[in-house]
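Peer 1: Quick one: the structure is below, and I'll ask about it shortly.
Number of protein chains: 2
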Amino acid sequence: MSKNLTSRAEDYSKWYNELVVKADLAENSGVRGCMVIKPYGFAIWEKMQAQLDKMFKETGHENAYFPLFIPKSYLSKEASHVEGFAKECAVVTHYRLKNAEDGSGIVVDEDAKLEEELIVRPTSETIIWDTYRRWIQSYRDLPLLINQWANVVRWEMRTRLFLRTAEFLWQEGHTAHATKDEAMQEAEQMMHVYAEFAEEFMAVPVIKGTKTESERFAGAIETFCIEALMQDGKALQAGTSHFLGQNFAKAFDVKFANKEGKQDYVWATSWGVSTRLMGALIMTHSDDKGLVLPPKLAPIQVVIVPIYRGQEQLDVISEKVNPLVKELRSKGISVKFDSRDTHKPGFKFNEYELKGVPVRLAIGQRDIENGTFEVARRDTFEKQSVPADEVVERVISLMDEIQKNIYKKALDHRASHITEVDSYEEFKKVLEEKGGFISAHWDGTMETEDKIKEETKATIRCIPIDVKEVVGECIVTGKPSPYRVLFAKAY
Amino acid sequence: MSKNLTSRAEDYSKWYNELVVKADLAENSGVRGCMVIKPYGFAIWEKMQAQLDKMFKETGHENAYFPLFIPKSYLSKEASHVEGFAKECAVVTHYRLKNAEDGSGIVVDEDAKLEEELIVRPTSETIIWDTYRRWIQSYRDLPLLINQWANVVRWEMRTRLFLRTAEFLWQEGHTAHATKDEAMQEAEQMMHVYAEFAEEFMAVPVIKGTKTESERFAGAIETFCIEALMQDGKALQAGTSHFLGQNFAKAFDVKFANKEGKQDYVWATSWGVSTRLMGALIMTHSDDKGLVLPPKLAPIQVVIVPIYRGQEQLDVISEKVNPLVKELRSKGISVKFDSRDTHKPGFKFNEYELKGVPVRLAIGQRDIENGTFEVARRDTFEKQSVPADEVVERVISLMDEIQKNIYKKALDHRASHITEVDSYEEFKKVLEEKGGFISAHWDGTMETEDKIKEETKATIRCIPIDVKEVVGECIVTGKPSPYRVLFAKAY
Ligand SMILES: [Zn+2]
Ligand SMILES: [Zn+2]
Chain A
4 MSKNLTSRAE
14 DYSKWYNELV
24 VKADLAENSG
34 VRGCMVIKPY
44 GFAIWEKMQA
54 QLDKMFKETG
64 HENAYFPLFI
74 PKSYLSKEAS
84 HVEGFAKECA
94 VVTHYRLKNA
104 EDGSGIVVDE
114 DAKLEEELIV
124 RPTSETIIWD
134 TYRRWIQSYR
144 DLPLLINQWA
154 NVVRWEMRTR
164 LFLRTAEFLW
174 QEGHTAHATK
184 DEAMQEAEQM
194 MHVYAEFAEE
204 FMAVPVIKGT
214 KTESERFAGA
224 IETFCIEALM
234 QDGKALQAGT
244 SHFLGQNFAK
254 AFDVKFANKE
264 GKQDYVWATS
274 WGVSTRLMGA
284 LIMTHSDDKG
294 LVLPPKLAPI
304 QVVIVPIYRG
314 QEQLDVISEK
324 VNPLVKELRS
334 KGISVKFDSR
344 DTHKPGFKFN
354 EYELKGVPVR
364 LAIGQRDIEN
374 GTFEVARRDT
384 FEKQSVPADE
394 VVERVISLMD
404 EIQKNIYKKA
414 LDHRASHITE
424 VDSYEEFKKV
434 LEEKGGFISA
444 HWDGTMETED
454 KIKEETKATI
464 RCIPIDVKEV
474 VGECIVTGKP
484 SPYRVLFAKA
494 Y
Chain B
4 MSKNLTSRAE
14 DYSKWYNELV
24 VKADLAENSG
34 VRGCMVIKPY
44 GFAIWEKMQA
54 QLDKMFKETG
64 HENAYFPLFI
74 PKSYLSKEAS
84 HVEGFAKECA
94 VVTHYRLKNA
104 EDGSGIVVDE
114 DAKLEEELIV
124 RPTSETIIWD
134 TYRRWIQSYR
144 DLPLLINQWA
154 NVVRWEMRTR
164 LFLRTAEFLW
174 QEGHTAHATK
184 DEAMQEAEQM
194 MHVYAEFAEE
204 FMAVPVIKGT
214 KTESERFAGA
224 IETFCIEALM
234 QDGKALQAGT
244 SHFLGQNFAK
254 AFDVKFANKE
264 GKQDYVWATS
274 WGVSTRLMGA
284 LIMTHSDDKG
294 LVLPPKLAPI
304 QVVIVPIYRG
314 QEQLDVISEK
324 VNPLVKELRS
334 KGISVKFDSR
344 DTHKPGFKFN
354 EYELKGVPVR
364 LAIGQRDIEN
374 GTFEVARRDT
384 FEKQSVPADE
394 VVERVISLMD
404 EIQKNIYKKA
414 LDHRASHITE
424 VDSYEEFKKV
434 LEEKGGFISA
444 HWDGTMETED
454 KIKEETKATI
464 RCIPIDVKEV
474 VGECIVTGKP
484 SPYRVLFAKA
494 Y
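Just so you know, the protein sequences line up as chains A and B, in that order.
Just so you know, we're using the numbering used here here: the first sequence kicks off at 4 and counts up by one.
Just so you know, we're using the numbering used here here: the second sequence kicks off at 4 and counts up by one.
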């Protein structure tokens, strides 16, 4: 397979699709809309999982596991939820196969039809709140702070690796609280946790905000979100956290006795991020040479490529490299020494560029003579000859420099792609010619929001949490508006 | 809910079921056969996962993720595999729901019928080997050493928490090799990895062996296994590792060019352990007071219970406890200081016994005066008054002592429950009156194996890998037998 990528300028969408496959992150499977996450891609996801899991636990959450299947009747219990979710999903109707009588293979055994169909979870609010009814009796049982790492299925017609797949991996937090305030604080807290993760680990700057009614999660009263901006000027919703009020508690009859012994319905939140984050990570930093990974999430942080002819030269190089590998590892840095003799150094350089390894060390005869290594960074392509005894120190500081540099680059890109507009004409022009976030006044109605979406494909990404109250006029209707909201085309 | 457990002597099976629920490990859900793994149970599973994952990576394996769904036609491709697996499984036939026309709720949309049914994976050989065909062209692509952590579904009619559930969590390793020998070594290696995990971390002694033809995995040429013995004298298969030969490579046309450029089919293994291990862990060590957990897998290794009246006394105790908690944590020990004022010390003592916390520290007024803590171990119920400045040291050595003691206890129990018999009459008597493993000669035929199973419910658990070649006569037919095999009734 050729390693040459389509360039971003040529076809951004094609660039992304090729990159995901060529960098060995994921590929389509024989099952429509379901991806295979390849080992290299999964190793990145595992690093993301580990960090998020740590942050969830530090904020008092525990993991648990709930069933994959949801009885169909559960979905009908929360009215607005079913409207948003019940439709496009995988339905299990039978529990047995049998050999076809004509010997042609296996067929569904019609005698094994389920009395009630089971839905493969598209999200787990219903099955979890059905469980919480058994777990919650008193204020002493609250708050209940639980997270689940799981696979979910939503039957998407048009799929793209990581960004929109029928099956995806995610985490879903589901918490129960005694008071409205506490639940609201939890939902908001998790938005901040997600933002911290995105910015400090993924090096992806995000805007924190709340969703308008029409963009809210089905069943939520308030949806907090973090929105990132991709290089092509489209926004990507990277995580959401919902204040669900008492909707699910009422639908599943989850009451508790408060300190005064009075019965009340429980207050709920749910929050999630998914393998979609992989799409955000890839699209934020990568370039025409391939992936660019933040050191904090790179499965291989440093690769060492020897430049040699014959076993004797390799032996001399290995003598220099082996102790270096050991020392780097003792500092917690993941290192790969690629001494394969089946591939040339140039091939390896391209391969690790494609895979986004943050730092590449090369060592050849000249370096052996000079006592140096060539140190190359993936983000800027800068190369430097570094004395052997300074390499560890240099690598450690590069981990930090690269992490910060790619974050800054993404932040600068975003800063130059938030445009304030004051007319619908200007709105359309900016959206068409420049993209990015557009900050504009809006009259607060769903009608206007729908009209803008229909005419331009832009949606309100969020009302930023730090929005300034500056009265203005809606760009479409001219009606009064209390503050600007952020529009964008989105993934 | 009463915390009093049915005793093992009274009803072992009831004891187990109650224990799983009362110790907050798992419970049945509203979905038939599917369990909810509660936070405390899941925390144990997470520790098991983390350790196994480490061991898999140390032996060169990487994680990946493959689709939940398998097209029905894939299952027919490997003939013996479909016979063993395709039958009792969840079948997805539709991909959409809709509102019922009579407003009664939601119904399956008959217009959204899948052209080909999808099976919720009961195991992933077929979908994975369909993928490996794209990944493997040359000997350079081998070995391919991949593991997946996933949920799987097998439609079991009679389910028990952890031991047999319709949905369960597991890991499945799937490796591809250039030679038969290498694949065979891999399969055997993973049996050893599983055995090491069971013995060193779960403190569960296991017998390593191979399965007879009739007990082998569907599609395997050789199945390695580890077999544990429960306190009621029944065996439990704790992990299996299969040498699959070229069966799946042939079924899915996975060939590679060897070093000489010749095309050959790839050799395969698969291996797995599941949440069933939780059942083995619980049943091996626990007693009539509740769970007994090995310190290496206990989510809470030490609990500290203050004995006090009023805030003032608690403050004095907390002053002693807080630095101790800090020091224990700095040594990597997980500690909980339970200062809840809603429950009495006696209640807490019972609760942590039920939950199997290995070490309990108590501190009251007398201890404050004497500068001591009361140190109680869960496995033996021994209590000791220990000077405050020796507590850390004592706790650390107890972690090791308890881990070893419960292992030894299980090992002694097993040693006294392996019985050599030389007649079918004796076989039935021992099986009935004592249980455990029965070591007996067998003529090597499936007929005799089936007869014994039908008449006694005992199966051949394994041919131990260290079996001694001692010729004898089959206890049923009198025909010659090259060595003794291990029979038992099993979970
Ligand atoms: Zn731009
Ligand atoms: Zn016994």
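Glycine is no exception: its CB is placed at the ideal position from the N, C-alpha and C atoms.
Everything numeric in this text was worked out from a predicted model, so none of it was measured.
1) Under 6 angstroms Cβ to Cβ from residue 288 (chain A), same chain only, skipping five residues before and after it: list those, please.
2) Please name the residue or residues paired with residue 252 (chain B) in a DSSP beta bridge.
3) From which residue to which residue does the beta strand (DSSP E) around residue 267 (chain A) run?
4) At least one CB of chain A closer than 8 angstroms to the CB of residue 79 (chain B): is that the case?
5) Quick one: what does DSSP say residue 242 (chain B) is sitting in, helix, strand or coil?
6) Among residues of its own chain, excluding the 5 on either side of residue 125 (chain B), which ones have a beta-carbon nearer than 7 angstroms to its beta-carbon?
7) Taking all protein chains shown into account, do 16 or more other C-beta atoms lie within 10 angstroms of the C-beta of residue 97 (chain A), making it buried, or fewer, making it exposed?
8) Between the beta-carbon of residue 77 (chain A) and the beta-carbon of residue 130 (chain A), is there less than 8 angstroms?
9) Identify which residue in A:318, A:379, A:455, A:488 has its Cα closest to the Cα of residue 469 (chain A).
10) What's the C-alpha gap between residue 292 (chain B) and residue 22 (chain B)?
11) What residue range is occupied by the uninterrupted beta strand (DSSP E) comprising residue 176 (chain B)?
12) Assess contact between the stretch 452-464 of chain A and the stretch 434-442 of chain A, defined as three or more Cβ pairs (one per stretch) separated by less than 8 angstroms. Is contact present?
13) How many angstroms separate the CA atom of residue 480 (chain B) from the CA atom of residue 364 (chain B)?
14) Indicate whether at least one CB of chain A lies closer than 8 angstroms to the CB of residue 475 (chain B).
15) Need the endpoints of the beta strand (DSSP E) that residue 462 (chain A) sits in, please.
16) If you draw a straight line from the C-alpha of residue 403 (chain B) to the C-alpha of residue 199 (chain B), how long is it?
17) Check whether the Cβ of residue 71 (chain A) lies closer than 8 angstroms to any Cβ atom in chain B.
18) Taking residue 325 (chain B) as the query, report the chain A residues whose CB atoms sit under 7 angstroms from its CB, ordered along the chain.
19) Leaving out five residues on either side along the sequence, give the residues of the same chain with a beta carbon under 8 angstroms from the beta carbon of residue 334 (chain A).
20) I'd like to know whether the C-beta of residue 108 (chain A) is nearer than 8 angstroms to at least one C-beta of chain B.
21) For residue 196 (chain B), name the three-state secondary structure that DSSP assigns.
22) Suppose contacts are defined by Cβ-Cβ distances below 8 angstroms. Is residue 65 (chain A) in contact with residue 42 (chain B) by that definition?
23) DSSP beta-bridge partners for residue 388 (chain B)?
24) Going by CA-CA distance only, name the one from B:420, B:203, B:152 that's closest to residue 297 (chain B).
25) Going along chain B in order, which residues have a C-beta closer than 8 angstroms to the C-beta of residue 361 (chain A)?
26) Taking residue 251 (chain A) as the query, report the chain B residues whose CB atoms sit under 7 angstroms from its CB, ordered along the chain.
27) Since residue 273 (chain B) and residue 195 (chain B) are thought to touch, with beta carbons under 8 angstroms apart, how far apart are those beta carbons, to the nearest angstrom?
28) I'd like the list of long-range same chain contacts for residue 32 (chain B), defined as Cβ closer than 8 angstroms, with 5 residues on each side in sequence excluded.
29) Would you mind reading off the limits of the beta strand (DSSP E) that contains residue 495 (chain B)?
30) Out of B:208, B:422, B:351, B:168, state which residue places its alpha-carbon closest to the alpha-carbon of residue 406 (chain B).
31) Using Cβ-Cβ distances below 8 angstroms, what residues of the stretch 225-259 of chain A are close to chain B?
32) Which class does residue 5 (chain A) belong to by DSSP, given the choice of helix, strand or coil?
33) Mind listing which residues of the stretch 21-34 of chain B have their C-beta closer than 8 angstroms to chain A's C-betas, in chain order?
34) Let me confirm a value: residue 114 (chain B) is counted as buried when at least 16 other C-beta atoms fall within 10 Å, else exposed. Which label applies?
35) Per the contact definition of three or more C-beta pairs closer than 8 angstroms, is the stretch 407-426 of chain A in contact with the stretch 440-456 of chain A?
36) Taking a contact to mean a Cβ-Cβ separation below 8 angstroms, would you say residue 111 (chain A) touches residue 94 (chain B) in this structure?
Peer 2: From the atom records:
1) Position 285 of the first sequence, counting from 1, holds the residue named residue 288 (chain A). Closer than 6 angstroms at Cβ, skipping near neighbours: 295, 409.
2) On the second sequence, position 249 is the one that residue 252 (chain B) refers to. Answer is none; residue 252 (chain B) lacks a bridge partner.
3) Taking the first sequence and counting its residues from 1, the one referred to as residue 267 (chain A) is at position 264. Here the beta strand (DSSP E) through residue 267 (chain A) covers 266-268.
4) Here residue 79 (chain B) refers to the residue found at position 76 when the second sequence is read from its first residue. Interface residue, yes.
5) Stepping through the second sequence from its first residue, residue 242 (chain B) is reached at position 239. Under the three-state reduction of DSSP, residue 242 (chain B) is assigned to strand.
6) For the purposes of this step, residue 125 (chain B) is taken as residue 122 along the second sequence, with counting starting at 1. For residue 125 (chain B), same chain residues with a beta-carbon under 7 angstroms away, outside a window of 5 residues either side, are 88, 92, 155, 156, 157 in chain order.
7) Translated into the one-based positions of the first sequence, residue 97 (chain A) becomes position 94. Looking at its Cβ environment, which holds 16 or more other Cβ atoms inside 10 Å, residue 97 (chain A) is buried.
8) Here residue 77 (chain A) refers to the residue found at position 74 when the first sequence is read from its first residue. Here residue 130 (chain A) refers to the residue found at position 127 when the first sequence is read from its first residue. Yes, the pair counts as a contact, with Cβ atoms nearer than the cut-off.
9) Position 466 of the first sequence holds residue 469 (chain A). The candidate whose alpha carbon is nearest that of residue 469 (chain A) is A:488.
10) Numbered from 1 along the second sequence, position 289 holds the residue referred to as residue 292 (chain B). Numbered from 1 along the second sequence, position 19 holds the residue referred to as residue 22 (chain B). Near 9 angstroms, if we compare the C-alpha coordinates of residue 22 (chain B) and residue 292 (chain B).
11) Within the second sequence, the letter at position 173 stands for residue 176 (chain B). Residue 176 (chain B) -> beta strand (DSSP E) spans 170-180.
12) Enough Cβ pairs lie closer than 8 angstroms, so yes.
13) As a first step, residue 480 (chain B) must be located in the second sequence, where it is residue number 477. As a first step, residue 364 (chain B) must be located in the second sequence, where it is residue number 361. Between residue 480 (chain B) and residue 364 (chain B), the alpha-carbon positions lie close to 59 angstroms from each other.
14) Taking the second sequence and counting its residues from 1, the one referred to as residue 475 (chain B) is at position 472. Under the Cβ criterion of 8 angstroms, residue 475 (chain B) is not counted among the residues facing chain A.
15) One-based indexing of the first sequence puts residue 462 (chain A) at position 459. The continuous beta strand (DSSP E) containing residue 462 (chain A) extends over residues 462-467.
16) For the purposes of this step, residue 403 (chain B) is identified with residue 400 of the second sequence, where counting begins at 1. For the purposes of this step, residue 199 (chain B) is identified with residue 196 of the second sequence, where counting begins at 1. Those two C-alpha atoms are separated by around 17 angstroms.
17) As a first step, residue 71 (chain A) is located in the first sequence; it is residue number 68 there, counting from the start. Yes, residue 71 (chain A) lies at the interface with chain B (some Cβ there is under 8 angstroms from its Cβ).
18) Along the second sequence, one-based indexing puts residue 325 (chain B) at 322. Simply none; closest approach about 19 angstroms.
19) By one-based count along the first sequence, residue 334 (chain A) stands at place 331. So the qualifying residues of the chain are 395, 399.
20) Here residue 108 (chain A) corresponds to residue number 105 of the first sequence, with the count starting at 1. So, interface residue.
21) Locating residue 196 (chain B) in the second sequence gives position 193, where the first residue counts as 1. DSSP places residue 196 (chain B) in the helix class (H, G or I) of the three-state scheme.
22) Taking the first sequence and counting its residues from 1, one reaches residue 65 (chain A) at position 62. Taking the second sequence and counting its residues from 1, one reaches residue 42 (chain B) at position 39. Less than 8 angstroms divides the Cβ of residue 65 (chain A) from the Cβ of residue 42 (chain B).
23) Here residue 388 (chain B) refers to the residue found at position 385 when the second sequence is read from its first residue. Partner(s): B:377.
24) Numbered from its first residue, the second sequence carries residue 297 (chain B) at position 294. Comparing C-alpha distances from residue 297 (chain B) to each of B:420, B:203, B:152 shows the shortest one belongs to B:203.
25) Looking up residue 361 (chain A) in the first sequence gives position 358. By Cβ distance, chain B contributes nothing, its closest Cβ being about 20 angstroms from residue 361 (chain A), past 8 angstroms.
26) The residue you call residue 251 (chain A) lines up with position 248 of the first sequence. Taking a Cβ-Cβ threshold of 7 angstroms, none of the residues of chain B is close to residue 251 (chain A); the smallest such distance is about 15 angstroms.
27) Here residue 273 (chain B) corresponds to residue number 270 of the second sequence, with the count starting at 1. Here residue 195 (chain B) corresponds to residue number 192 of the second sequence, with the count starting at 1. Beta-carbon to beta-carbon, residue 273 (chain B) and residue 195 (chain B) are separated by about 16 angstroms, too far to satisfy the 8 angstroms threshold.
28) Within the second sequence, residue 32 (chain B) is the residue found at index 29, counting from 1. Excluding the 5 residues flanking it on each side, residue 32 (chain B) has same chain C-beta neighbours closer than 8 angstroms at 38, 39, in chain order.
29) What is shown of chain B runs 4 to 494, which leaves residue 495 (chain B) out entirely.
30) As a position in the second sequence, residue 406 (chain B) is number 403, starting the count at 1. The residue with the shortest Cα to Cα distance from residue 406 (chain B) is B:208.
31) If the cut-off is 8 angstroms between Cβ atoms, the stretch 225-259 of chain A has nothing near chain B.
32) Along the first sequence, read from residue 1 onward, the residue named residue 5 (chain A) stands at position 2. Because the pLDDT at residue 5 (chain A) is just 47, under 50, the model does not fix this residue reliably, and the value given afterwards should be weighed accordingly. In this structure, residue 5 (chain A) counts as coil in the three-state DSSP scheme.
33) Residues of the stretch 21-34 of chain B with a Cβ closer than 8 angstroms to any Cβ of chain A, in chain order: 30, 32, 33, 34.
34) On the second sequence, position 111 is the one that residue 114 (chain B) refers to. Residue 114 (chain B) is exposed by the Cβ-count criterion.
35) In short, these stretches touch, since the Cβ pair count reaches three.
36) As a first step, residue 111 (chain A) must be located in the first sequence, where it is residue number 108. As a first step, residue 94 (chain B) must be located in the second sequence, where it is residue number 91. Their beta carbons are under 8 angstroms apart, which means residue 111 (chain A) touches residue 94 (chain B) by this criterion.
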